[in-house]
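Data block below; observations after.
There are 6 protein chains.
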Amino acid sequence: MLRLSPPGYQRFTQATSFEACYGGGEANVAVSLAGFGIRSAFVSRLPDNDLGRACRMYLMKHGIDTTHILPGGDRMGIYFLETGAVSRPSKVIYDRAHSSFSRITRGMFDWERILEGASWFHWTGITPAVSQGAADACREAIETAGRKGITVSCDLNYRRNLWKYGKSAGEVMPALIEGCDVVIGNEEDAELVLGISPKGIDITGGHVEADAYHSVSGQIMQRFPRVKKVATTLRGSVSASHNTWSGVLYDGKTLFTAPDYQITHIVDRVGGGDAFAAGLIYGLLTWGKDDERALRFATAASCLKHTIPGDFNLVTVHEVEKLMGGDASGRVSR
Amino acid sequence: MLRLSPPGYQRFTQATSFEACYGGGEANVAVSLAGFGIRSAFVSRLPDNDLGRACRMYLMKHGIDTTHILPGGDRMGIYFLETGAVSRPSKVIYDRAHSSFSRITRGMFDWERILEGASWFHWTGITPAVSQGAADACREAIETAGRKGITVSCDLNYRRNLWKYGKSAGEVMPALIEGCDVVIGNEEDAELVLGISPKGIDITGGHVEADAYHSVSGQIMQRFPRVKKVATTLRGSVSASHNTWSGVLYDGKTLFTAPDYQITHIVDRVGGGDAFAAGLIYGLLTWGKDDERALRFATAASCLKHTIPGDFNLVTVHEVEKLMGGDASGRVSR
Amino acid sequence: MLRLSPPGYQRFTQATSFEACYGGGEANVAVSLAGFGIRSAFVSRLPDNDLGRACRMYLMKHGIDTTHILPGGDRMGIYFLETGAVSRPSKVIYDRAHSSFSRITRGMFDWERILEGASWFHWTGITPAVSQGAADACREAIETAGRKGITVSCDLNYRRNLWKYGKSAGEVMPALIEGCDVVIGNEEDAELVLGISPKGIDITGGHVEADAYHSVSGQIMQRFPRVKKVATTLRGSVSASHNTWSGVLYDGKTLFTAPDYQITHIVDRVGGGDAFAAGLIYGLLTWGKDDERALRFATAASCLKHTIPGDFNLVTVHEVEKLMGGDASGRVSR
Amino acid sequence: MLRLSPPGYQRFTQATSFEACYGGGEANVAVSLAGFGIRSAFVSRLPDNDLGRACRMYLMKHGIDTTHILPGGDRMGIYFLETGAVSRPSKVIYDRAHSSFSRITRGMFDWERILEGASWFHWTGITPAVSQGAADACREAIETAGRKGITVSCDLNYRRNLWKYGKSAGEVMPALIEGCDVVIGNEEDAELVLGISPKGIDITGGHVEADAYHSVSGQIMQRFPRVKKVATTLRGSVSASHNTWSGVLYDGKTLFTAPDYQITHIVDRVGGGDAFAAGLIYGLLTWGKDDERALRFATAASCLKHTIPGDFNLVTVHEVEKLMGGDASGRVSR
Amino acid sequence: MLRLSPPGYQRFTQATSFEACYGGGEANVAVSLAGFGIRSAFVSRLPDNDLGRACRMYLMKHGIDTTHILPGGDRMGIYFLETGAVSRPSKVIYDRAHSSFSRITRGMFDWERILEGASWFHWTGITPAVSQGAADACREAIETAGRKGITVSCDLNYRRNLWKYGKSAGEVMPALIEGCDVVIGNEEDAELVLGISPKGIDITGGHVEADAYHSVSGQIMQRFPRVKKVATTLRGSVSASHNTWSGVLYDGKTLFTAPDYQITHIVDRVGGGDAFAAGLIYGLLTWGKDDERALRFATAASCLKHTIPGDFNLVTVHEVEKLMGGDASGRVSR
Amino acid sequence: MLRLSPPGYQRFTQATSFEACYGGGEANVAVSLAGFGIRSAFVSRLPDNDLGRACRMYLMKHGIDTTHILPGGDRMGIYFLETGAVSRPSKVIYDRAHSSFSRITRGMFDWERILEGASWFHWTGITPAVSQGAADACREAIETAGRKGITVSCDLNYRRNLWKYGKSAGEVMPALIEGCDVVIGNEEDAELVLGISPKGIDITGGHVEADAYHSVSGQIMQRFPRVKKVATTLRGSVSASHNTWSGVLYDGKTLFTAPDYQITHIVDRVGGGDAFAAGLIYGLLTWGKDDERALRFATAASCLKHTIPGDFNLVTVHEVEKLMGGDASGRVSR
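Protein chains in written order, with numbering that gives the first Met the number 0: chain E, 0 to 333; chain R, 0 to 333; chain U, 0 to 333; chain P, 0 to 333; chain W, 0 to 333; chain Z, 0 to 333.
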């Protein structure tokens, strides 16, 4: 997906140019994982034109295996992003209807071959939101992964403006979540997608209460027996320029809590959730059963994302571990 | 329509930003005319979001009456433009399918009211190419203008990649041209749209032969009796950086020929034809029956367009007349 | 007036380019009102050259009626703005002497015609500061408005460096304020313009005491019986990057107080006072007697201005009302 | 003087930023000479603000002695430059009235001290055009230089739009030229300043006839007996993008002619004449009596100027000599 | 190698920023081939820091196999490029001494493994110029390729300023060329590297005589019996902005000649020779024995390179074939 | 030294351009002093190419005497700077090995002549870190200054990554410090260079305890009897975007403490220490024995540095004194 942003803090009506990068939920996760040294492939569909090629090259630059991206369809999905500050929120205009991706249909991808040798499959709630065909393809992938014993994770990632093909998230998502081992969401997703309510959380305030997620996570695991871990990102919006950031993970027994980060001078908050998902997958793949370490890695990694322009979280394992270790002082590294 | 171009001579796959402006056939003509001091309205449909508003404001800046632009529909039409040089051609990727404009339908515009008091209505072949609804609305406008005794002009403007809704230009355009008083085209349009062939013209060479247009223009006027003038732009493509530029106008009796301009260092050739149309309309409105003067004004105006970045021809009547008067020396004006 | 700023936080001596926009007190108010959907005209004088035309087009873009702007005079007024940060203040170099505007003379504007049908006339203390002629024209306008029963508002807007034609603000302003219904100022204006002292306010500290404005406002209304409302903006300068922002309004009986906003990451504070004035005028025009709502709208609107580059407050009524409603969380609007 | 230009080929009404540099006739000559290794001082007056300081620093960067620049006055002179292309000429808007420089008065400069130890004094026709005071100061300098036996050169540099203080060039210049040893001008200056007519030169064509300058130069030397050399730059304007460039020098006996250069892709032609003057002064100072070599150096140096953005001719003696030697091939220098 | 260029036509002393890209002889060839669809690996050594990583990612973006690039050494080689115009040549400052690449030593690369399965090995005269170790590694590669029956090509690419480790090109190159099947050079290389003289060629003029290359090519093939084809690029330098471009190829029997291209508005001529080499390799790999077609492809491909900013020739086979087919008109591709 | 930074908050792997400026410890001090009105010379060695010239011109712009800079050597030292934010630290890649400066050798500078008439000599710990020759030249300068009775100051400025020629700071620095009157360092330098430990300071926390510096300063003065004053900058790193800043000075009797500044929105922290040194030298030169005032001036000056892009502290004495006077409110200066 092509992202176009007016420079600096310009509003859309002031822009005479747009800064361009490529990104989008699953791609962001793949790039992040590749940056951590994990071999990653991105499966999608891009138009057979120079914008499609540019997007593919942008991913190749970051080491992504792009051989499963199908050329075809009519257009590149686009989203326009205006960067807010203080009390003025950032603003997104989606222009992804009719994209090559949204024209994906059942059977278009040979998931058996694609998933051969893979150990993890990750998808987000954006894919089934875009079209019935994308939801179908997503379901094929989840089922194939299930058959092959591949771990499946899902970021609920609810976007109200995307569900426009006649079905609601509540109708489509449950059947997909059934095939998942790990579920990731933010403070609102569980309620908006599944109607499971996080009580006592004031999402517009500067502070969040991690405890309420115990009950939400428990409800998810009860409803979807395959799910073994539920992780939640906790964003406190002091203002568009200053957020707090943390996360919790419930493994059915313990609710682990990550430290609270003060992100006082946000550079770019888009992709924060994807960076968390990638950090969590990295952590679970690397440290096996140490869920708390994985959660703390995920939270620190995604905290750093907020300081980097663009969708991608261009940080190394070493940088994340330095922050995990408690050094948030930002002293010059010479 | 939003135009997005990589800076300078970058290729699409190199771009990390896009220069943005708004434009498109009929809008370019309106802006040009407003710059010449003619009150102009632009009738179209734009999405009811910040991009739609930005486009409207862009037109308002140039003095266009935008009160007849309807808000609504799903998206802003976009086109991506890569600027060529020497032997590498410029490249356009259209992304205007499903635009608010393409979703125009019959009856959406109250042409009686819109055209009240107008003296000229101009349309281009791009409008009926986009969708059946746009073609229908265009036809309504032409018919209303006819009833009101308003002069109607058309720029054939054939774009092969746009005719995608199941009808060809040859099926749709003739019925629309029937209502026109003035027809404008380039060396190829008459053949591609109407099958009328300009013999003996080598469009890839650096030189064109104006004479052949006598027969083409005559054939058009024979087939469409209401048409009283046929004007043709003559572009000789020495290279992407160097074009020759001229024009001819046939009024049923005489074939007038404009001087040949050498545009040796093209800055931006998009909108050249629209600048010609606007110049011609200005000339015919201003100098009544002096068709040759109108042609020479149109050619000089559109020659200047090639030196200005963006779609719009931001020149004054005084500047065009200076060039018409023979001063192409480009000496500094202090 | 042309505003030229070094990019980012560059100092004047570092700049190899200047970012350019057009603005100035009354123009900023007009643009803000137009953005709120109020038909607005800007009355001024601009040089008859391409800079004058560019300025006019810049205003037209924002929907301003520019038909009362007279072409003529020698030059465009300019101001150079260096953006400060933390403990380094922003810096303004005025270069507006001898501007077309300053050469305005009595009788130059046909106020009867200009104000025909208007419901509100707004002026600022910058106009009479620039030249005797501008002061005279301002007086003509105020008197004409008075005769026509048009509400008149004034922003005191004291600028020490502008009063250079031989008279002081104290000599000129009172006669003009006499014709006003609404007076707007900041914490210092009343004292500097009228010698009316706001006691107990430490303007360099991070905090201000709204109460002291009761007495100041009362004194103004006593001295100028036509004045029915006095509004004051309250800026607390924690640093060049962080201000607090609020406002009070006294209607002769009650002192209404707006909430205190923390503007922790200022993008551009120029035009904050003008945004307040525009918000107040909008509120008073829209909600009749609900002065408190108007004050709260004005304060929220001008708070948002600080997040937008350039002089103009490019926000919608909806955005202001969202902030008025208490949502300063800056969460992404998708 | 501050020069402000829209980026690339943008028109004034398109600009959202201006590229900034400092320059102006005599400053350009001084910088050019400093680049050739000649110690050079620039005598002027700049406002005592950050723009004045920025200008001074800009000159210091190029090695100019700025100790004789007086701080004071009201404002920095500005000129706005729009860059043309092909048949669209570049456009200059002067905004230098009321500048600190124009407020120079007789006696302000201690010429005795300033010229102590100098071997050459150069002035241009722009100085006496700006104000009576500047003309007076210029005359003082010329007379002091005369008394001290310092060579005096003058570039006639006629600018119609600058002579606005009530006297014409024809009234003021002759008394100043009387004190000159070397006079430099372009094809038109002699006629416009002194009424001496270069016959048979078509300045709008692409070609010029050097021969006609014999008679013009002779007439100048007859009228001003102190003048020993008259040099003329010969610009043929094929278009705004392509000029021819040459020069002639008459020493009372011989008319030397420089080669004709084809400047087919002009980058920035402002300062071309100043670069010629500097080259000539360098040549005459360096090679004593070899006027032809000085002329050829001057012409080659100023030819190179056209390839460099900004007012200044940032080339070395070595680079000029390489071109003088006939190598205009532009092969990469590694 | 990191390339840093002042923007536009700025001179080094004007630059306040540098445009950055990565490139260099062999990398350019690899990227070009990858763009033509040929699987390509680049073998080199880059510092183990973020600049090394950025360079590697830049190559990955273009589809290059970078797995054989060794991390290590002290620094990234840099070259600074100032872009010339008309009579001012482009200027290169090399800063590649002590680079990681120059610290390559014999035995560092496992050529057996690297060349496994390869069909072509290409090297340029820059590698052995940099250091003895690089020359040694190059020799190992050539010898290994020879043993494996892999075709070896060499671009002589003489750079006077690079040979600084105590040996001359004449001492080192012959032993390396002995292992080559295809030799590529420009008009001067053969003489400067091997002392073989191309008679009758005026390299500073705008025209070149292809015939003289028959004798030079023949001499090379006589001296190095393994060489089966000698190709030469023919650049005529009309100016820094306008070159002519052609090429010849001798296969021992016939001297094939490519058409002469007029590159009238050069965008970036760096990498032109590398684009030729890549085009030739592509052609010879693709069309087997049709040397003339390969030569024509190489010449057209490298002609297009001159229109693309940066070192890389980002064109497709289709674009090259369109130009080969004679269409240099540069008409917009919509 | 050339400094190259990706724009804004881009990471190295994102950059397609670098912002360029010149700087480095001693140069920064010289520029700062020149800005305060102190005549300053910079003694160094720069390559005899356009980058060396650009660096010299950059210093000349700021009024530095560059006549003692020797041309020669192979290359310009470079450092790459990536700007961090919040919890992501800024990152420096040094590329200064083999620079012209590092090739300085004993006897290369005529210190007797250079220091003639000087009243102060300042050096930093970076010089002896770079090479044995630079350390030798530094020692010569210190000894010559000592003989001439010139005050010598040193900024310890420890950079672990620079000491690479086989000696450690601990081996080289003491002999140089012996010749110093004033020693400046940060919280860590004394320990890292001299093994003198500042107890009880947590450098990663947001707060520092000035008291501990009493003992450290005392130990330095005991070990180096010539040292009369020890000043220490105190940086508290809340994050990469927010530092606290203060300083202490011990004169053998009293430990003076400067106020604590909150630098909540850092623009550019590089050169902060150099700005402190320059402020201190200015203060000690200007106010003789008022060490406390000098310390407070130094701290305020260097606090302002953090708001200015680039290495140089471009502030005036007036601006520093305004901040010293307690006005950190950052109110616009009109």
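Using N, Cα and C, we set each Cβ at its ideal position, and we do this for glycine too.
Contact list for residue i against chain U, beta-carbon separation under 8 Å
i: P/A53; result: F11, T12 and A14
Integer-rounded CB distance, given that residue j should sit under 8 Å from residue i
i: P/R159; j: P/L80; result: The pair is not a contact, with the Cβ atoms about 17 Å apart (cut-off 8 Å).
i: U/F41; j: U/L58; result: 6 Å
i: P/L254; j: P/Y212; result: 7 Å
i: E/S337; j: E/A239; result: Because chain E in this structure spans residues 0 to 333, residue 337 of chain E falls outside the shown range and cannot be described.
Closer than 8 Å at the beta carbon, the chain Z residues around residue i
i: P/M56; result: K60, H61 and G62
7 Å Cβ cut-off: residues of chain Z touching residue i
i: U/R105; result: By Cβ distance, chain Z contributes nothing, its closest Cβ being about 28 Å from U/R105, past 7 Å.
i: W/A19; result: A14, T15, S16 and F17
Residues that residue i contacts on chain P, provided the C-beta gap is smaller than 7 Å
i: U/I92; result: N48, D49 and L50
Neighbouring residues, chain E, relative to residue i (Cβ below 8 Å)
i: Z/S98; result: The premise fails here: Z/S98 is roughly 17 Å from chain E at the closest Cβ pair, so nothing lies under 8 Å.
Contacts of residue i in chain W (Cβ-Cβ under 8 Å)
i: P/S39; result: The premise fails here: P/S39 is roughly 17 Å from chain W at the closest Cβ pair, so nothing lies under 8 Å.
i: Z/L45; result: Those do not exist, as Z/L45 stays about 13 Å from chain W at its closest Cβ, beyond 8 Å.
Residues that residue i contacts on chain W, provided the C-beta gap is smaller than 9 Å
i: R/Y8; result: V266, D267, T306, I307 and P308
Interface partners of residue i on chain P, CB under 8 Å
i: R/R2; result: Ordered by position in chain P, no residue passes the 8 Å Cβ test against R/R2, which lies about 14 Å from the chain.
Below 8 Å, can you find three or more Cβ-Cβ pairs linking the stretch 4-24 of chain R to the stretch 99-119 of chain Z? Flag = no, the stretch 4-24 of chain R and the stretch 99-119 of chain Z do not touch.
Give me the subset of the stretch 266-277 of chain P whose CB atoms are less than 7 Å from a CB atom of chain W, sorted by chain position. Residues of the stretch 266-277 of chain P that bring their beta carbon within less than 7 Å of a beta carbon in chain W comprise V266, in sequence order.
Chain Z contacts from the stretch 292-326 of chain E (Cβ-Cβ distance under 9 Å): Residues of the stretch 292-326 of chain E with a Cβ closer than 9 Å to any Cβ of chain Z, in chain order: A299, C302, L303, H305, T306, I307, P308, G309, F311, L313, V314, E318, K321, L322, G325 and D326.
For the stretch 70-95 of chain R, enumerate the residues whose C-beta is nearer than 8 Å to any C-beta of chain W, in chain order. The stretch 70-95 of chain R vs chain W, Cβ under 8 Å: G83, A84, V85, S86, R87, P88, S89, K90, V91 and Y93.
Identify each residue in the stretch 233-262 of chain Z for which the Cβ-Cβ distance to at least one residue of chain E is less than 7 Å, and report them in chain order. Only S236, S238, A239, S240 and H241 from the stretch 233-262 of chain Z bring a Cβ to less than 7 Å from some Cβ of chain E.
Contact between the stretch 175-184 of chain P and the stretch 149-157 of chain P: three or more CB pairs below 8 Å? Using a C-beta cut-off of 8 Å, the stretch 175-184 of chain P makes contact with the stretch 149-157 of chain P, since at least three inter-stretch Cβ pairs fall below that distance.
Residues in the stretch 147-168 of chain W with C-beta within 8 Å of chain P's C-beta atoms, listed in sequence order? Cβ contacts with chain P come from R158, R159 and N160.
Any chance the stretch 90-108 of chain U sits against the stretch 128-146 of chain U, with 3 or more Cβ pairs inside 8 Å? Under the 8 Å Cβ criterion, the stretch 90-108 of chain U counts as touching the stretch 128-146 of chain U, having at least three qualifying pairs.
According to a CB-to-CB cut-off of less than 9 Å, which residues of the stretch 23-36 of chain P neighbour chain W? Of all residues in the stretch 23-36 of chain P, none has a Cβ within less than 9 Å of some Cβ in chain W.
Contact the stretch 41-50 of chain P vs the stretch 278-294 of chain P: 3+ CB pairs below 8 Å: In short, these stretches do not touch, since the Cβ pair count stays below three.
Jot down the residue ranges of each uninterrupted alpha helix (DSSP H) in the stretch 159-228 of chain P, minimum 4 residues, whole runs only, in chain order. DSSP runs (the alpha helix (DSSP H)) wholly in the stretch 159-228 of chain P: 168-176, 188-193 and 212-222.
Counting only runs that start and end within the stretch 87-173 of chain W, where is the beta strand (DSSP E) found for 3 or more residues in a row? Here the runs fully enclosed are 90-94, 119-123 and 150-154.
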